[in-house]
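Heads up: the sequence shown runs through residues 1 to 188, numbered per this note's numbering.
Backbone N, C-alpha and C fix where the C-beta goes; we use that ideal spot for every residue, glycine too.
Structure first, commentary second.
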Amino acid sequence: MKHALSAVAVSLGLGLVALPPPSQAQAQPGGAAQASREPDVIYVPTPQEVVDAMLEIAKVGPDDVLYDLGSGDGRIPITAAKRHGTRGVGIDIDPTRIREARANAEQQGVSDKVTFIEGDLFEQDLSKATVISLYLLPTLNLRLRPTLLKLKPGTRIVSHAFDMGDWAPDQTLIVNQKRIYFWTVPKR
Numbered sequence: 001m002k003h004a005l006s007a008v009a010v011s012l013g014l015g016l017v018a019l020p021p022p023s024q025a026q027a028q029p030g031g032a033a034q035a036s037r038e039p040d041v042i043y044v045p046t047p048q049e050v051v052d053a054m055l056e057i058a059k060v061g062p063d064d065v066l067y068d069l070g071s072g073d074g075r076i077p078i079t080a081a082k083r084h085g086t087r088g089v090g091i092d093i094d095p096t097r098i099r100e101a102r103a104n105a106e107q108q109g110v111s112d113k114v115t116f117i118e119g120d121l122f123e124q125d126l127s128k129a130t131v132i133s134l135y136l137l138p139t140l141n142l143r144l145r146p147t148l149l150k151l152k153p154g155t156r157i158v159s160h161a162f163d164m165g166d167w168a169p170d171q172t173l174i175v176n177q178k179r180i181y182f183w184t185v186p187k188r
């Protein structure tokens, strides 16, 4: 599974998105960085066919800003940038995953479109997102739900494997026996 967050000022198309300052990774003996706290989930990558279906169901495009919560190796924002021209922000608490995601973005030629932030996804400003993607445990989805429901109406949310409790999805899709849930933030 995925997750994390921190920050920097991120250039996203026409505007500059100011994110909170990066959290401080703690140095370990030998110079290895450690996450600022233990991850809430273990890292399990989303299969590429599920990534593709998530982006399709969310109808991502070049005008979107996708925030991937628990971004792991960065495959969701990288795929969105490469195939759909979407700008993206990946958030993960694990410094190893952040380094891997940045290297993957560079290798795929989209490091100008995606930014990866090391930090706690529960402490980040998500207000610039037009699309949120996640692959977190049900308890984490429920914990995020109040924050997600405060986002701009029309913001699209897509989750691999896990729902949001009694918030009924707009659409559910099964791809290779993997469930995908899709919601649109309602008008208040």
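*asked:* Need the endpoints of the beta strand (DSSP E) that E118 sits in, please.
replied: For E118, the enclosing beta strand (DSSP E) stretches over residues 114-118.
_Less than 6 angstroms between C-beta atoms, sequence neighbours within five positions excluded: which residues of the same chain meet that for S111?_
Sequence-distant Cβ neighbours of S111 in its own chain, meaning closer than 6 angstroms and more than five residues away, are A105.
*State the CB to CB distance for the pair R143 and T184, rounded to an integer number of angstroms; the pair is presumed to be in contact (CB under 8 angstroms).*
That pair is no contact at about 20 angstroms.
*asked:* Taking the alpha-carbon of A58 as reference, which of D166, N176, A129 has the nearest alpha-carbon?
replied: Closest by alpha carbon: A129.
_For the structure I just gave you, are there three or more beta carbon pairs, one from the stretch 111-126 and one from the stretch 48-65, closer than 8 angstroms?_
The stretch 111-126 vs the stretch 48-65: no contact.
*Tell me the DSSP bridge mates of Q171?*
Its beta-bridge partners are F182.
*CB-CB under 8 angstroms to R87, same chain, minus the five flanking residues each way: which ones, in chain order?*
Closer than 8 angstroms at Cβ, skipping near neighbours: L12, G13, D64, V65, L66, A81, K113, V114.
*Can L121 and L148 be called in contact, C-beta distance under 9 angstroms?*
Taking 9 angstroms as the Cβ cut-off, L121 and L148 do not qualify as a contacting pair.
*How many angstroms separate the CA atom of I76 from the CA atom of G90?*
Their backbone Cα atoms lie some 8 angstroms apart in a straight line.
*Where does the unbroken beta strand (DSSP E) through I76 begin, and where does it stop?*
Judged by DSSP secondary structure, I76 falls outside any beta strand (DSSP E) and instead within the alpha helix (DSSP H) spanning 75-84.
*So what does G90 bridge to, in DSSP terms?*
G90 is bridged to D68, F116.
_According to DSSP, simplified to helix, strand and coil, what is L55?_
Residue state, collapsed to three classes: helix.
*Own chain residues within Cβ distance below 6 angstroms of F162, not counting five before or after*: The beta carbon of F162 lies closer than 6 angstroms to those of P138, N141 in the same chain, with the five residues before and after it left out.
_Local Cβ density within 10 Å of Q124, reported as buried at 16 or more and exposed below that_ = Within a 10 Å sphere around the beta-carbon of Q124 sit 16 or more other beta-carbons, which makes this residue buried.
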